[in-house]
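Start counting the sequence shown at 155; every next residue gets the next number (our numbering).
C-beta atoms are modelled at their ideal positions from N, C-alpha and C, and glycine is treated no differently.
Predicted, not measured: the structure shown is a model, and the values here were computed from it.
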Amino acid sequence: MARPQAARLDRVQPPATLAAGERARELAREGRDVIDLGQSSPHHVTPAHIVEAGIKALRDGHTNIGSARGLPEFREAMAEKLARDNGLEVDSRGDVLPTPGSKQGLYYALNAYIGAGDEVLIIEPTWVSFRQQVELSQGTPVEVALSEEEEYNLSYDLLKKYVTPRTKAVIINNPNNPTGRVYSLRELEDVARLASEHDLLVVCDETYEYFLYDSNRHRTLAAVPGMWERTLTSYTFTKAYSMAGWRLGCIVGPQALLEPLVKIQEHTASFVSPFVQMAGTAALTGPQDHLEEWRAQCEALRTASVDRLNAVPGVHCPLPQGATFLFPRFSKGGSSADLAQALVEREGVVVTPGSGFGDSGEGHFRIALMRSPAPQVSEGVQRIARVLEAL
Ligand SMILES: Cc1ncc(COP(=O)(O)O)c(C=O)c1O
């Protein structure tokens, strides 16, 4: 008989995105003509100057033990980026914690502050791991579903309906994965008002901060007056520098709020490999030209793909304001898992079922615009449209 897992794991689901990625790799190994529009990580290789900095650090012997708090040069480079791009003046000695990928850092944040019986508001549809990380921390995820009809608008009144005496935290992902919503200052101020009134911890994930379209502007929630003291903000090198395989992320917040996270890092991952932090420092301080190129590619793909999908009867695909995804709604073909399965089996296109992003994601699927080179993404969208038209 199999040994039962710890009870808190019973409610934890594997990430929908990883399942899609595994399936894409399996089919490609079988020789199928597969187009991967599943996972969010870019197909680009890490820019050469970052790779060189990593290799140099390895050659220079930065391969040994490091501090859980991170290298001073990495923390200083992050502090400069935060002042330049996010309107945050931080103390690099204590307000910046490098973590092995932001997923790990977000888990530290929730694990450090959430325990049995604590409720966490999750603004959905949203990234696949927040709900699971709350469950892993023995907390209770509370879905605050935004509606596509209302353009995924966020408001104080909506959030307020879900607050109880047990509410401890709210998680916001801005720009949002998968909807592409970029929250306005008014919406962020609403979150701030609610958090202040109910003394909530705020976890804000700014993974896609550099992927913005049209006139949309990214604002960092921690920079809204009164928010710094209660906010932990997550950044990653996975998207903007295509460094998924290096595992490098960073949690930013006041030192007092970060201390429990440092404790967890000390007893789990220990630290981020020093040569990885040195590559990350090169990423932050080196040329940023690739960013505009990657952003512009997504922008062009976004418009053409939305037009194609909206020409399919029964499909509605809003134009995302930011991030690197399309999140179309469809009306035929069963559940989002059924549709994703049909797309793989019939046309070899891997997408992520909307149900992976919370119950409110059902009836949608997610197309990742950066997972494959642009011509393949365009071809993938054509194939998806063909399948949907034939349903
Ligand atoms: C919103 C969001 N947060 C966090 C992550 C995790 O990124 P990483 O752990 O590679 O830094 C992702 C990756 O897909 C994401 O989309």
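Quiz item: Can you tell me the Cα-Cα spacing of Arg162 and Pro295, whole angstroms?
Solution: Arg162 and Pro295: Cα-Cα distance of roughly 13 Å.
Quiz item: Between the beta-carbon of Ala207 and the beta-carbon of Met524, is there less than 8 Å?
Solution: For the 8 Å CB-CB criterion, Ala207 and Met524 do not form a contact.
Quiz item: With C-beta atoms as the reference, is Val406 less than 8 Å away from Leu375?
Solution: In this structure, Val406 sits away from Leu375, with a CB-CB distance that is not shorter than 8 Å.
Quiz item: Beta-carbon separation of Gly440 and Phe391 under 8 Å?
Solution: With a cutoff of 8 Å on beta-carbon distance, Gly440 and Phe391 are scored as not near each other.
Quiz item: Which word fits Leu454, buried or exposed, when buried means at least 16 other C-beta atoms lie within 10 angstroms of its C-beta?
Solution: For the record, residue 454 in the displayed sequence is Ala; it is not Leu. Around the C-beta of Ala454, fewer than 16 other C-beta atoms lie within 10 Å, and the residue is accordingly described as exposed.
Quiz item: Between the C-alpha atoms of Ala323 and Val250, what's the straight-line distance to the nearest angstrom?
Solution: A direct Cα-to-Cα measurement between Ala323 and Val250 gives close to 20 Å.
Self-check item: Sequence-ordered residues whose beta carbon comes within less than 6 Å of a heavy atom of ligand 1
Solution: For ligand 1, residues qualifying as neighbours are Ser194, Gly255, Ser256, Lys257, Trp281, Asn327, Asn331, Asp359, Thr361, Thr390, Thr392, Ala398 and Gly403, where qualification means a beta carbon closer than 6 Å to at least one of its heavy atoms (chain order).
Quiz item: Considering only C-alpha positions, which residue in the set Val274, Glu180, Asn331 and Leu366 is nearest to Val317?
Solution: Selected option, being the one with the closest Cα: Val274.
Quiz item: If you run the structure through DSSP and keep just helix, strand and coil, what is His372?
Solution: Here His372 sits in coil by DSSP.
Quiz item: In chain order, what residues of the same chain have a beta carbon less than 7 Å from the beta carbon of Cys471, not counting five sequence neighbours either side?
Solution: The answer, listed in chain order, is Val460, Leu463, Asn464, Leu480 and Pro482.
Exercise. Determine the burial state of Asn331: buried for a count of at least 16 other Cβ atoms within 10 Å of its Cβ, exposed for fewer.
Key: Of the residues assessed, Asn331 falls on the buried side of the cut-off, its CB having 16 or more other CB atoms within 10 angstroms.
Quiz prompt | Status (buried if at least 16 other CB within 10 Å, exposed otherwise) for Gln287 | solution = So Gln287 counts as buried.
Exercise. Would you tell me roughly how many angstroms separate the C-alpha atoms of Leu412 and Arg229, rounded to the nearest one?
Key: Distance between the alpha carbons of Leu412 and Arg229: 14 Å.
Quiz prompt | Extent of the continuous beta strand (DSSP E) run through Arg520 | solution = The continuous beta strand (DSSP E) containing Arg520 extends over residues Phe519 to Ala522.
Quiz prompt | Range of the contiguous alpha helix (DSSP H) that encloses Asp344 | solution = Run containing Asp344: Leu339 to Glu351, per the alpha helix (DSSP H) assignment.
Quiz item: How big is the Cα-Cα spacing for Arg449 and Thr333?
Solution: C-alpha separation (whole angstroms): 17 Å.
Exercise. Starting from the C-beta of Ile325, find all residues in its chain whose C-beta is less than 6 Å away, skip the five residues before and the five after it, and write them out in chain order.
Key: Non-local beta-carbon contacts of Ile325 in its own chain, meaning distances under 6 Å to residues more than five positions away in sequence, involve Ile276, Phe284 and Val357 in chain order.
Quiz prompt | Assigned secondary structure, Tyr389 (DSSP; H/G/I helix, E/B strand, else coil) | solution = Tyr389 falls in the strand class under three-state DSSP.
Practice problem: Would you kindly work out how many angstroms separate the C-alpha atoms of Lys314 and Pro529, rounded to a whole number? | Solution: Each residue's Cα considered, the two are about 44 Å apart.
Exercise. Just mark Gln167 as buried or exposed, buried being the case when its beta carbon has 16 or more other beta carbons within 10 Å.
Key: Classification for Gln167: exposed.
Practice problem: In angstroms with no decimal places, state the Cα-to-Cα distance between Leu535 and Leu497. | Solution: Per the sequence presented here, residue 535 reads as Val, with Leu not at that position. The straight-line gap from Cα to Cα measures roughly 11 Å.
Exercise. Tell me, please, whether the region 347-363 touches the region 384-402 by the rule of three or more beta-carbon pairs shorter than 8 Å.
Key: Contact between the region 347-363 and the region 384-402 is established, with three or more Cβ pairs separated by less than 8 Å.
Quiz item: Distance, Cα to Cα, Thr321 vs Tyr267?
Solution: Roughly 12 Å separates the two Cα atoms.
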